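Residue numbers 20 to 321, in our numbering, belong to the letters of the sequence shown in order.
Working notes for the structure below.
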Amino acid sequence: MKDHLHRQGLLALLLTAILWSSGGLLIKSIPLPALTIAGGRSAIAAIVMLLWLRKPKPIWTVAQWGSIISYTLTVILFVMATKLTTAANAIFLQYTAPIWVAIFSVFVTKEKLTRIDLISVLVVMAGMSVFFLDKMEGGQLTGNLIALASGLAFAGVALFMRAQNGVSTTESILFGNILTFGVCALFVVPSAMFQVPSTISPFSFFAISPFSLFALVLMGVFQLGVSYILYSWAMKHVTAIEAILITTLEPILNPLWVALFLGEVPSTVAIIGGLIVVAGVVARNFAYERAHDPAAHRSADH
20 MKDHLHRQGL LALLLTAILW SSGGLLIKSI PLPALTIAGG RSAIAAIVML
70 LWLRKPKPIW TVAQWGSIIS YTLTVILFVM ATKLTTAANA IFLQYTAPIW
120 VAIFSVFVTK EKLTRIDLIS VLVVMAGMSV FFLDKMEGGQ LTGNLIALAS
170 GLAFAGVALF MRAQNGVSTT ESILFGNILT FGVCALFVVP SAMFQVPSTI
220 SPFSFFAISP FSLFALVLMG VFQLGVSYIL YSWAMKHVTA IEAILITTLE
270 PILNPLWVAL FLGEVPSTVA IIGGLIVVAG VVARNFAYER AHDPAAHRSA
320 DH
């Protein structure tokens with residue numbers, strides 16, 4: 020029975036990584052401003068999570084508020100970055116989050132940096148610098164910086180959730196999505212009110228076409244909603260190291276889908292930088308799990 024659940028956990032984790040990786044393609048496919056996409060996606064994801072949780076039990080501690088705010092910043096900044104720079108740059112620079120966690124832990128939780136931490140930090144920093152050596156057009160530099168900020172915010176999610184000690188972490192994601200919708204609505208709704216619809220349709224007031232609405236629903240339900248539910252379940256049946264290795268597919272598949280369907284091919288420099296970042300992060304996470312739990316114990320939260 021355990022082997023059966025383990026196989027199902029691995030399959031759920033693989034599906035999670037694939038769903039997460041669809042973000043870049045869907046964001047770039049929707050001809051809407053970043054805040055409209057971020058807000059709409061999170062509103063739908065919040066509904067999915069409410070249906071799943073049924074009776075959320077928030078604890079409203081400082082740590083939970085930190086998780087909620089960090090999550091909101093993460094998803095808004097990531098959508099903005101994906102709109103401004105390449106999908107590869109956006110996901111790879113956000114993927115630096117575990118390294119920021121290692122650095123911030125020195126000050127927040129008073130943890131000491133290990134040798135592998137220091138090596139990983141240097142490797143990832145080198146990978147990050149490669150992105151900024153690439154020839155950039157338009158707002159790509161701004162997009163890269165915003166993607167980096169998204170990685171910093173994501174590190175905040177990890178640190179604050181760690182402080183929650185596994186209590187009410189799913190609720191943090193739920194209310195993070197609700198806050199994301201609220202923040203985006205503050206900017207999107209007033210802007211939409213001053214637009215003059217070019218055609219009369221149920222979607223014209225907010226300039227959302229049926230295709231855009233369909234893509235937003237896909238993102239909210241599957242890419243952000245169902246994916247987290249699958250991840251939460253899978254982490255009860257797989258080892259932490261298996262989770263590290265399988266979810267590494269996300270930053271690899273994300274730019275691949277965009278290249279295949281939209282023709283946005285990352286530059287050689289970006290690919291090199293991305294591989295360096297992923298290698299540094301995976302090596303650090305792998306070594307950390309082996310050092311802290313040789314049996315690669317089962318973990319429960321993202």
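Glycine is no exception: its CB is placed at the ideal position from the N, C-alpha and C atoms.
These numbers come from a predicted model, not from an experiment.
Taking each of Leu72, Ala172, Ile46 in turn and checking the Cα distance to Tyr114, the smallest one comes out for Ala172. Membership of Gly43 in the alpha helix (DSSP H) is indicated by the continuous run 42-48. Straight through space, the alpha carbons of Ile290 and Val186 are spaced by roughly 38 Å. In the structure shown, Thr115 falls within a coil segment according to DSSP collapsed to helix, strand and coil. Taken atom to atom, the span from the alpha-carbon of Pro274 to that of Met254 is near 25 Å. Taking Ala204 as reference, the option from Ile56, Gln242, Ser246 with the minimal CA-CA separation is Ile56. In this model, Ala310 and Ala234 are separated by some 42 Å (Cα to Cα). Distances from the CA of Lys21 to each of His256, Pro285, Leu264, Glu283 were compared; the closest alpha carbon is that of His256. The straight-line gap separating the alpha-carbon atoms of Leu232 and Ala109 is approximately 23 Å. Per the coordinates, the alpha-carbon of Val176 lies some 19 Å from the alpha-carbon of Val245. The alpha carbon of Met144 has as its nearest neighbour, out of Pro77, Val300, Asn304, the alpha carbon of Val300. For Met68, the enclosing alpha helix (DSSP H) starts and ends at 53-72. A contact between stretches requires three or more CB pairs, one per stretch, nearer than 8 Å, and the segment 267-287 fails this requirement with the segment 115-128. Taking the Cα positions, Ala65 is about 10 Å away from Trp71. In terms of Cα proximity to Ile118, the closest of Thr133, Ile37, Ile265 is Thr133. Its Cα nearest to that of Leu44, the residue Ala106 stands out among Met99, Gly58, Ala106. Distance between Leu112 and Gln27, taken at the CA atoms: about 31 Å. From the listed residues Tyr250, Gly201, Phe97, Phe194, the smallest Cα separation to Trp79 is found for Phe194. Distance from the CA of Val207 to the CA of Asn196, rounded to the nearest whole angstrom, comes to 16 Å.
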